[in-house]
Amino acid sequence: MSNFRSLAVVTATLEHILQDAANQAVAQADVRIGAPVAKLADDGKPVVNLFLFRVLPSTAHRNDHFPTREGSGTQRARAKLSLDLHYVLSFYGDPAKFEPERLFGAVALALEHAPGLSVAAIEAASSDTANQPALNGADLAGEGRPIALGPDQPTLEDWSKLWSVFFQVPYALSASYVVRGVAIETQDDPGPALPVATPEIYAAPMGPLQIRSAGPAPGQWGPAPWGATLHLTGSGIARFGNSLRIDGEALPLAEDAIVGDGLALMLDAALFGGTVPKAGAHQLEVVAAPTDASMPERLRRGSNVAAFAILPVMTNIAAATVAGSGPGLRSGTVTVDIDPPLQAGQSASLLLNAFGPGQLGNAAIEAEAPAAFPASQLDFAVVDLPTGDYLARVDVDGFASQPEVGTDPTQPEFGRITGPLVDLS
């Protein structure tokens, strides 16, 4: 980080680059620093005018800013700021000799050829006797890195607004450039940092640890029903001693869950440390085995975080209906037992699709409020649905239970949806 003089150093460095380029294009050309004035156009002399017209916080480094004081107001770090410097370059000279165009071309090529503002160029501008003592103490070159420089692309409206600020100054051939990520900081001493109370050093293997898929079958991404197996594939995840982190909670990994190069996790309460999770979206991470039994959990290396979803399962469905308001219509209550139970803050709907031949009618019915949570049994009010069989599924927070599919290849319903069905009659 450098001090407050860095903005001036950037301008001085640009002046050096522009002067060298201008001299190659037009003899006795000059570089002027400051806002354009009408006299430049009136004189007709070859001049490149350099003006810093706007300074903005650097969006690329907006996350570099950290609090510099504690809650008590005590300073704990130097204040830092990263800025983008916007310059406008204007070109003047004898139009009959095409001097503005020649200056523009030479300068544009020089700035395009330069890899930003190099450390050598910054050092040369900082140590130039013509810039002393104004730049005495500047330390931008001490960062040891070039500063990014690139052309800006203002619209015609932007140019119009900019030149309207220059009172009674006629427009001249111009270009705009941005110097990005000029970092400055205060020079005060925040004092020594607190010492480390208990220094500890741990070594850990750096092999790959990555989850590539999490789903109902190896190599697949997708949700899995409660009570089924969630298959994980990846690199380094099937090692003895690894553990899991599900929804931020550290959990053990059973040895029998390691299958080949992947994991087969039974979606049951044991996986979640003896508690039953909610149906819906969750996050899972595989954590590398510790190299030392005393290694803190926070220092153990983790894989990428993979999202997976638990689908609710209907364990029972029953309907109690009476005649509706018209012939062939039924009204009443459908009761569904689900697993995992519905948690507070979740919503559930019963999805009904007419299943009989030639039967019409579909419905999505919200669950009635249960008496208490977690609720493993839900009631759904049915109003005037046509009599017949319906394919039933329960949806919890956008995740619907799976239908039953025929699995016997010798039967005609093989591969077809067969249930679960509810009879409204």
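For the sequence shown, my numbering gives the first residue as 138, with consecutive numbering after it. Using N, Cα and C, we set each Cβ at its ideal position, and we do this for glycine too.
For Lys217, the three-state secondary structure derived from DSSP is strand.
Put simply, the backbone Cα of Leu193 is about 41 Å away from that of Arg382.
Excluding its 5 nearest sequence neighbours in each direction, Leu272 has C-beta neighbours in its own chain below 7 Å: Arg142, Ala145, Val146, Ala149 and Ser263, listed in chain order. Secondary structure within the stretch 193–273: the alpha helix (DSSP H) runs of 4 or more consecutive residues, fully enclosed, are 236–250 and 256–264 (chain order).
In terms of Cα proximity to Arg435, the closest of Asp398, Arg530, Asp325 and Ser380 is Ser380.
With fewer than 16 other Cβ atoms inside 10 Å of its own Cβ, Pro232 counts as exposed.
Our two residues, Asn268 and Pro336, have alpha carbons roughly 48 Å apart in a direct line. A straight-line Cα-Cα distance of about 26 Å links Ile554 and Leu479. DSSP, reduced to helix, strand and coil, places Glu434 within a helical segment of the structure shown. Listed as beta-bridge partners of Leu299 by DSSP are no residues whatsoever. Inside the stretch 476–553, DSSP marks whole beta strand (DSSP E) runs of 3 or more residues at positions 485–491, 499–503, 512–523 and 525–533, from first to last along the chain. Judged by beta-carbon spacing, Gly373 lies beyond the 8 Å limit of Ala361, meaning their Cβ atoms are not closer than that value.
A straight line joining the alpha-carbon of Asp521 with that of Thr470 spans about 11 Å. If the five residues before and after Gly556 are omitted, its C-beta is found closer than 6 Å to the C-beta atoms of Glu541, all from its own chain and listed in chain order. For the 8 Å CB-CB criterion, Ser486 and Ile475 do not form a contact.
In chain order, Ser380 place their CB closer than 6 Å to the CB of Pro389, counting only its own chain and leaving out the 5 sequence neighbours on each side. In terms of CA proximity to Arg376, Pro427 leads the group Pro427, Gly410, Ala407 and Thr196.
For the set Ala251, Ala164 and Ala457, the Cα lying nearest the Cα of Lys182 is the one of Ala164.
Taking the Cα positions, Gln539 is about 58 Å away from Gly253. For Thr150, the uninterrupted alpha helix (DSSP H) segment begins and ends at Ser143 to Ala162.
Leu310 places its beta carbon less than 8 Å from that of Phe228.
Between Val174 and Gly230, the gap from beta carbon to beta carbon reaches 8 Å or more. Its chain contains Ala406 as the residues whose beta carbon lies nearer than 7 Å to that of Thr412, once the 5 sequence neighbours on both sides are disregarded; these appear in chain order. For Val531, same chain residues with a beta-carbon under 8 Å away, outside a window of 5 residues either side, are Pro449, Met451, Val473, Ile475, Ala485, Ser486, Leu487, Leu488, Leu515, Ala537 and Ser538 in chain order.
Only exposed fits His250, as fewer than 16 other CB atoms lie within 10 angstroms of its CB. Residue state for Gly556 is assigned as strand, using DSSP reduced to three classes.
Here Leu558 really is in contact with Tyr527; their C-beta atoms are around 7 Å apart, less than 8 Å. Distance from the CA of Ser313 to the CA of Tyr224, rounded to the nearest whole angstrom, comes to 6 Å.
For Trp363 against Leu404, the beta-carbon gap comes to about 5 Å, under 8 Å, which counts as contact. Put simply, the backbone Cα of Ala457 is about 13 Å away from that of Leu466. With respect to Gly371, Arg349 sits close: the two C-beta atoms are nearer than 8 Å. Straight-line measurement puts the Cα of Ala278 at about 6 Å from the Cα of Glu260. Excluding its 5 nearest sequence neighbours in each direction, Ala245 has C-beta neighbours in its own chain below 7 Å: Ala312, listed in chain order. At the C-beta level, Pro477 and Ile447 come within 8 Å of one another. Annotated as proximal: Arg239 and Ala162, with beta-carbon spacing under 8 Å.
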